[in-house]
Structure formats: structure tokens, C-alpha cells
Amino acid sequence: MAYDVAAVRAHFPALDEGAAHFDGPGGSQVPEPVAEAVAGALRAAVSNRGAETAAERRADGIVAEARQAMADLLGATPGGVVFGRSMTQLTYDMARALAKEWGPGDEVVVTTLDHDANIRPWVHAAEARGVTVRRADFDPESGELSVDTIAHLLGGRTRLVAVTAASNLLGSRPDISAIAERVHAAGALLYVDGVHLTPHSLVDVGRLGADFYACSPYKFLGPHLGVLAADPGLLESVHPDKLLPATDAVPERFELGTLPYELLAGTTAAVDFLAGLVPGEGTRRERLEGSMAALEEHERILLERLDAGLAEIAGVTFYGAASRARTPTTLFSVDHVRSADAYRFLAERGVNAPAGSFYALECSRRLGLGDTGAIRAGIAPYTDESDVDRLLKGVQELAGEAVRPEPA
Ligand SMILES: Cc1ncc(COP(=O)(O)O)c(C=O)c1O
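To convert, take the position in the sequence shown, counting from 1, and add 9; that gives our numbering.
Dropping the structure here:
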């Protein structure tokens with residue numbers, strides 16, 4: 010079924026403000042049904058979860074529905090879906106909990122391609138337990154992280170490998186299922202950062218081979234929170250610190266304090282919205298298969314237009330445009346222009362394409378971009394051709410001004 014971007018855009022009140030949004034990798038805009046669901050949960054009678062009152066049952070229902078929605082989106086089990094404030098918070102919590110079983114001589118592997126949220130929690134947990142951290146380095150030319158690079162770092166004492174399913178800076182997508190095979194053969198666990206992949210491609214956590222898969226609904230049209238999916242059996246074996254009266258049941262044992270019910274309602278609405286991006290029939294998972302395939306094609310076509318247009322502009326440099334597989338995210342700079350200035354120049358023309366390292370700090374440094382990074386343009390479900398053309402026009406003007414000789 011063809012993707013009707015005009016029909017999709019009509020659901021996003023934020024687009025009425027007129028900007029062309031290439032800032033989706035930082036956080037996507039929100040469609041009306043998601044805002045309605047959040048407001049609806051706040052307007053309705055909701056109290057702590059329970060079975061006695063309608064308000065308790067509503068809270069319980071919201072949680073159950075959100076777990077099921079995320080399970081449908083990720084090909085996961087509802088009982089293994091954990092909610093938290095953010096992916097960063099969930100990863101820190103899980104790193105601390107897993108590290109209780111680690112000791113000197115053990116090893117963890119992180120990568121230089123990752124967002125810091127999938128590096129620092131493991132580094133800090135390792136430091137606390139005397140565990141050695143090994144770093145898998147990506148190839149700065151291609152932006153790719155090879156399976157072999159990770160495989161070479163594995164040994165009998167490797168406890169966990171943390172790797173991104175897609176780089177939020179370059180878009181490159183390591184071959185997670187091949188990595189999972191090698192990691193599991195070494196007897197280690199695989200923690201996958203799916204924050205940047207989930208908005209662009211339908212994930213099947215089991216097929217990927219991820220033991221833990223973390224993502225953030227605010228990157229895929231939902232509200233600001235984080236999600237961690239794992240096999241409930243595996244979660245049973247992990248014992249985080251928790252309050253004495255709080256339940257020890259899985260997955261609740263990992264959810265500290267009261268859940269944000271309104272944001273969970275919004276998350277369910279976001280998954281439903283994604284499932285309805287193109288008309289379809291069947292279960293929600295089946296509809297997600299159709300709509301995410303259509304979205305992927307829509308985003309691929311726009312990425313080609315963007316990359317081809319940028320390539321024609323003299324003075325544009327691309328970074329690590331991976332050939333193996335890539336999300337619709339492009340990192341570039343304009344010769345003689347500081348990226349922060351380019352960001353401002355574009356913003357003044359209603360084009361939101363921020364510059365930075367976007368917390369993929371080790372990645373940015375490895376690319377030779379230091380801590381300031383470059384301009385990142387990400388395509389989202391609501392991006393259309395005219396957005397791309399506005400960005401290209403802005404970059405063209407900028408590059409033209411940059412090479413114009415100073416008046417005598
Ligand atoms: C790839 C990636 N991982 C992790 C994060 C952190 O997510 P959160 O804000 O939910 O902690 C981000 C946020 O930009 C990201 O892009």
C-alpha cells in the first residue's frame with residue numbers, strides 16, 4: 010500500500026508552525042491521537058493500580074495495554090516489557106543490577122559507534138566491580154562496525170556486549186543477529202540500543218538475538234519515556250535494588266516508583282498510529298509489518314533525494330555513509346562553516362537540522378569531529394519532498410555564501 014505523506018502530516022498539529030523538521034533523531038513530533046491519549050488518561054479517573062475501583066482498574070488496563078503494544082512493536086513478550094523514565098535511566102539501572110554478579114577478571118565490550126547511553130552505564134558499572142572494558146572500534150571511513158571487530162574482543166570472561174542497532178549520528182546499522190550469534194557462542198549477554206533503529210524499521214527482538222533491547226517512544230511519535238524488552242525468564246534472574254514493600258514480580262521489579270500512566274497511554278497510541286500509517290488488516294503486528302515496510306520505502310526515497318542533492322553542492326562533506334545498511338539519517342558539514350553556525354543559518358530559514366555530537370561523543374571524536382560534531386538531518390514519517398528541498402536550498406545558500414570572496 011502506497012504511503013500517503015500528506016495524510017500522515019495532517020495528524021501532526023506541530024507541523025502547522027511551519028518548520029521543516031530534520032530533528033527527528035533527537036525526538037519526533039507527536040500526532041494528535043497520541044496527545045489525545047495522554048490528555049484522556051489525565052482527564053479520566055486513574056489511581057494506583059488495583060482491582061477494586063474503576064480508577065484502579067483503568068490504571069492497570071493502561072499498563073497492560075502499553076506492555077502489549079510495545080510487545081507488538083518489538084516482537085517481544087508483554088511480560089518482559091519494562092518502562093522507565095528514559096533509555097539512559099533503564100540502561101544505568103540494568104547495568105548496576107547485572108554488575109552485582111560481575112567481578113575482577115570479567116570483561117564487557119562497548120563500541121565507539123554507540124550513543125554514550127550505551128557506553129557510560131557499562132563503563133561505570135565495570136569500574137565499580139573491577140571489570141575490564143573492551144572497546145570495539147568502527148571504521149570511520151565507512152561508518153560501519155564489523156562483526157569480526159566485536160568477535161575478536163570476545164573471550165571466556167566476557168559477560169556482556171553493548172552495541173547499537175543503529176548509530177544515531179551516522180545511521181549505520183551493525184549486523185546485530187550475526188553479532189548475537191558470536192556473543193552467545195562466547196556465553197555472554199547482548200544489550201542492544203534500539204533507540205535510533207525502532208522509529209525506522211520493524212524490529213523482531215527474538216530474531217535479532219538481543220537479550221535486552223532498549224528504545225524510547227519519544228523517537229517514534231510517542232511521549233517521553235524509555236522501554237526495555239527482554240525475555241521474562243532472563244529478567245527473573247536479575248535482582249535490582251528495590252523498595253521493601255514494592256513487588257518483586259517481573260517486570261515490575263525493574264520499575265521504580267509509580268509508572269507515568271498518561272505516558273503509557275500515549276505510547277499505546279503511538280504504536281497504534283504507526284500500525285495505521287497505511288491502511289491494512291489483521292493483528293496489530295501484521296498491520297505494523299505493512300506500515301513499517303511502507304514507511305521504510307518512503308524514508309529511503311527521501312534519503313536518496315537528500316543525499317543526491319547534498320552531493321551536488323560544492324563544499325559539502327558527508328561522514329561515514331554506511332553502505333551495508335543505514336537509517337535515513339545523514340551527517341554532513343559545509344566547508345569553512347562552523348556547524349553551529351550552519352545550524353543557526355538553517356533554523357532562521359525554518360529548517361530544523363541541528364548540529365552536534367548528539368551524545369555519540371566517542372563516535373564524533375573518532376570521526377575527527379571533536380565534541381562539536383556536524384549537522385545531522387534525519388527523515389521522519391512526516392517528512393516530505395518539500396522539506397528535503399527546503400533543506401537543500403538552505404545548504405546551497407550557505408555553501409554559496411561560504412565561498413563568496415570577501416568584499417575588497
Ligand atoms: C541511539 C540513542 N541511544 C540512546 C539515547 C538516549 O535515549 P533517552 O533520551 O531515552 O535516554 C538516544 C537519544 O538521543 C539515542 O539517540
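We put the beta carbon where it would ideally sit given N, CA and C, even for glycine.
Treat the numbers as computed from the prediction; the structure is a model and nothing was measured.
Whole-angstrom C-beta distance between residue j and residue i, which should lie under 8 angstroms
i: Leu230; j: Pro40; result: 6 angstroms
i: Asp350; j: Val14; result: In fact, because the Cβ distance is near 31 angstroms, the residues do not count as touching under 8 angstroms.
i: Leu178; j: Ser373; result: 6 angstroms
i: Leu162; j: Ala145; result: 6 angstroms
i: Tyr12; j: Ala303; result: 4 angstroms
i: Gly242; j: Ala223; result: Gly242 to Ala223, Cβ: 18 angstroms. No contact.
i: Leu401; j: Gly324; result: Their Cβ separation, rounded to whole angstroms, is 13 angstroms, which puts Leu401 and Gly324 out of contact at 8 angstroms.
i: Glu255; j: Ala85; result: Note that residue 255 is Ala in the sequence shown, not Glu. Not really, about 23 angstroms apart at Cβ, beyond 8 angstroms.
i: Trp111; j: Ala171; result: 13 angstroms between Cβ atoms; not a contact.
i: Phe354; j: Leu407; result: 5 angstroms
i: Lys228; j: Gly36; result: 6 angstroms
i: Gln211; j: Glu298; result: The sequence shown places Leu at residue 211, not Gln. So it is a contact: roughly 6 angstroms between Cβ atoms.
CA-to-CA distance, residue j to residue i, given in whole angstroms
i: Glu207; j: Asp240; result: Sequence inspection shows Thr at residue 207; the Glu mentioned does not correspond to that position. So the alpha carbons of these two residues sit roughly 18 angstroms apart.
i: Met1; j: Pro113; result: This structure cannot settle anything about residue 1, because the visible part of the chain is limited to 10 through 417.
i: Thr173; j: His124; result: 8 angstroms
i: Val142; j: Pro149; result: 21 angstroms
i: Tyr270; j: Val346; result: 45 angstroms
i: Ala279; j: Asp32; result: 18 angstroms
i: Gly266; j: Glu306; result: 40 angstroms
i: Arg296; j: Ala330; result: 31 angstroms
i: Ser246; j: Leu198; result: 13 angstroms
i: Phe327; j: Glu261; result: 44 angstroms
i: Glu153; j: Val117; result: 20 angstroms
i: Phe147; j: Asn57; result: 46 angstroms
i: Pro226; j: Thr276; result: 6 angstroms
i: Tyr259; j: Gly89; result: Strictly speaking, residue 259 in this sequence is Val, with Tyr absent from that position. Cα to Cα, Val259 sits roughly 7 angstroms from Gly89.
i: Asp257; j: Ala28; result: 47 angstroms
i: Pro22; j: Glu45; result: 12 angstroms
i: Arg358; j: Gly235; result: 33 angstroms
Nearest candidate by alpha-carbon position, reference residue i, set the options
i: Gly403; options: Tyr391, Pro390, Ile384 and Val170; result: Ile384
i: Ile188; options: Asn177, Gly180, Leu178 and Tyr200; result: Tyr200
i: Val72; options: Phe367, Leu24 and Leu273; result: Leu273
i: Asp81; options: Glu110, Phe327, Asp213 and Val140; result: Asp213
i: Ser155; options: Val132, Pro260 and Thr120; result: Thr120
i: Gly285; options: Gly36, Ser176, Asp115 and Val43; result: Val43
i: Thr167; options: His20, Gly196 and Ala106; result: Gly196
i: His205; options: Phe367, Asp396, Asp115 and Ala104; result: Phe367
i: Arg216; options: Glu26, Gly409 and Leu83; result: Leu83
i: Gly164; options: Glu61, Arg138 and Val192; result: Val192
Spatial neighbours of residue i in its chain, beta-carbon cut-off 7 angstroms, leaving aside the 5 residues before and after
i: Glu308; result: His209, Pro337 and Ile388
Cβ-based neighbour list, residue i, same chain, cut-off 6 angstroms, excluding 5 preceding and 5 following
i: Gly439; result: This structure leaves residue 439 out entirely; the chain is present only between 10 and 417.
i: Ile159; result: Ala145 and Ile188
Residues near residue i in its chain [Cβ-Cβ closer than 8 angstroms; skip 5 each side]
i: Leu421; result: Shown here, the chain extends from 10 to 417; a query on residue 421 therefore has no answer.
Count the C-beta pairs between the region 175–183 and the region 320–335 that are closer than 8 angstroms, then say yes if the count reaches three, no if not.
These segments touch.
Any 3 or more C-beta pairs closer than 8 angstroms across the region 86–93 and the region 119–136:
Judged by Cβ distances under 8 angstroms, the region 86–93 makes no contact with the region 119–136, as fewer than three pairs qualify.
Would the region 64–81 and the region 38–55 be scored as touching if the rule is three or more Cβ pairs under 8 angstroms?
Contact check between the region 64–81 and the region 38–55: three or more CB pairs, one atom from each, fall below 8 angstroms, which counts as touching.
Inspect the CB distances between the region 272–292 and the region 352–364 and report whether three or more fall short of 8 angstroms.
Contact between the region 272–292 and the region 352–364 is absent, because fewer than three Cβ pairs lie under 8 angstroms.
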